[in-house]
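Going left to right, the sequence shown walks through residues 2 to 297 as my numbering numbers them. Beta carbons: idealized from backbone N, C-alpha and C, even for Gly. The structure under discussion appears below in the form of structure tokens.
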Amino acid sequence: MLKPHPPSATRDWPLLSRFIAREAALGGAVKARGPWTAGFYEFLRFGVKQAWACFYGGLMLALLLGTWLLYPRDAALPRYDFLTLAALALQVALIGFRLETKEEALVILIFHLVGTGMEIFKTAVGSWAYPEESYLRIGGVPLFTGFMYAAVGSYIARVWRLFDFRFSHHPPLWSVLLLATGIYANFFLHHYWWDLRWGLFALAALLFGRCWVYFRVWDVDRRMPLLVGFALVALFIWFAENLGTFAGAWIYPNQKQGWTMVSFAKFGSWYLLMLISYSLVAMIRRPQERKDTVSL
């Protein structure tokens, strides 16, 4: 049997909670029009939920593109520093208007620190660079970069809540944390030792190969292999990275003479980074098992 419809995740955001009753009435009217209309409405609902989950990351990407197009090049405040202050103001506003839960804020803080640590090392060894001047920086890393990593953690925390994630055959959390630790260490060690990413891919497949994530868009549960979910999110992050480098937020060595698309090999790096961010959220959210039958 299917489980009862969970309480709307919108209740966690007071500015949106007023629309719960209206949406429920709209849903009832849609169902009365037949399965095709209901199917379209569910697809639309999926898009709206995904857009809300991407809210923080979307605003960060808009800041990157907007400042590239409009920010004065001769301004007293460097563009990177404006991005840092704008990202900080955005974070404060989201918390102040209760558009971000305390849980999400904690995930963002942790991932901010994790991402900044990796950025400091990677820029020092020349993996990529931030070509513009700034005052608010650590080494070669402008402080706005931590917010970009935090956007990934924010998305996972939001999408988990909005789609009421449940799992089957989820690996133990200790094994997920060990995998994430190994991935994070490999981002550093492969510069001086063997690159173990293929072994890490294999270990991820071993741990999550049987794991399915169950999610609820509307009133029927859907499911997909969790590894596929990781891949889809990593792909969209790769698209966003292309926009970020196009906007000059950072550049890779092969982009110094002019912009080119980011190598698709970076998809693998983002896939591994997804596993790190997922593990951080999972430590807080504690994945719950779901064993009921579902509609596909």
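query                                                                                                                                                                                                             : result
To which residues does DSSP link ASP222 through a beta bridge?                                                                                                                                                    : ARG217
Helix or strand or just coil, what does DSSP make of ALA206?                                                                                                                                                      : helix
Assuming TRP271 and ALA235 make a contact with CB atoms under 8 angstroms, what is their CB distance in whole Å?                                                                                                  : 4 angstroms
Whether or not the stretch 196 to 216 and the stretch 115 to 128 are in contact is what I'm after, with contact meaning three or more pairs of Cβ atoms, one per stretch, closer than 8 angstroms; do they touch? : no
Which residues in the same chain have their Cβ closer than 7 angstroms to the Cβ of TRP69, if we skip the five residues on either side of it in sequence?                                                         : ALA248 and GLY249
In chain order, which alpha helix (DSSP H) runs of at least 4 residues are fully inside the stretch 164 to 207?                                                                                                   : 174 to 190
Just the C-alpha distance for GLY269 and GLY35, rounded to the nearest angstrom, thanks.                                                                                                                          : 42 angstroms
Quick check: what's the CA-CA separation for ALA63 versus GLY245?                                                                                                                                                 : 10 angstroms
Drop a sphere of 10 angstroms on the beta-carbon of GLN258, count the other beta-carbons inside from all chains shown, and report buried for 16 or more, exposed for fewer.                                       : exposed
On a Cα-Cα basis, can you pick out the residue from TYR57, LEU174, LEU201 and HIS192 that is closest to ILE184?                                                                                                   : LEU201
To the nearest angstrom, how far is the alpha carbon of ALA125 from that of ALA30?                                                                                                                                : 58 angstroms
Determine whether the beta carbon atoms of VAL214 and LEU233 lie at a separation below 9 angstroms.                                                                                                               : no
Alpha helix (DSSP H) containing GLU43: first to last residue?                                                                                                                                                     : 36 to 54
ALA283 to TRP175, Cα distance in whole Å?                                                                                                                                                                         : 11 angstroms
At a cut of 8 angstroms, does the stretch 142 to 162 reach the stretch 79 to 92 through at least three beta carbon pairs?                                                                                         : yes
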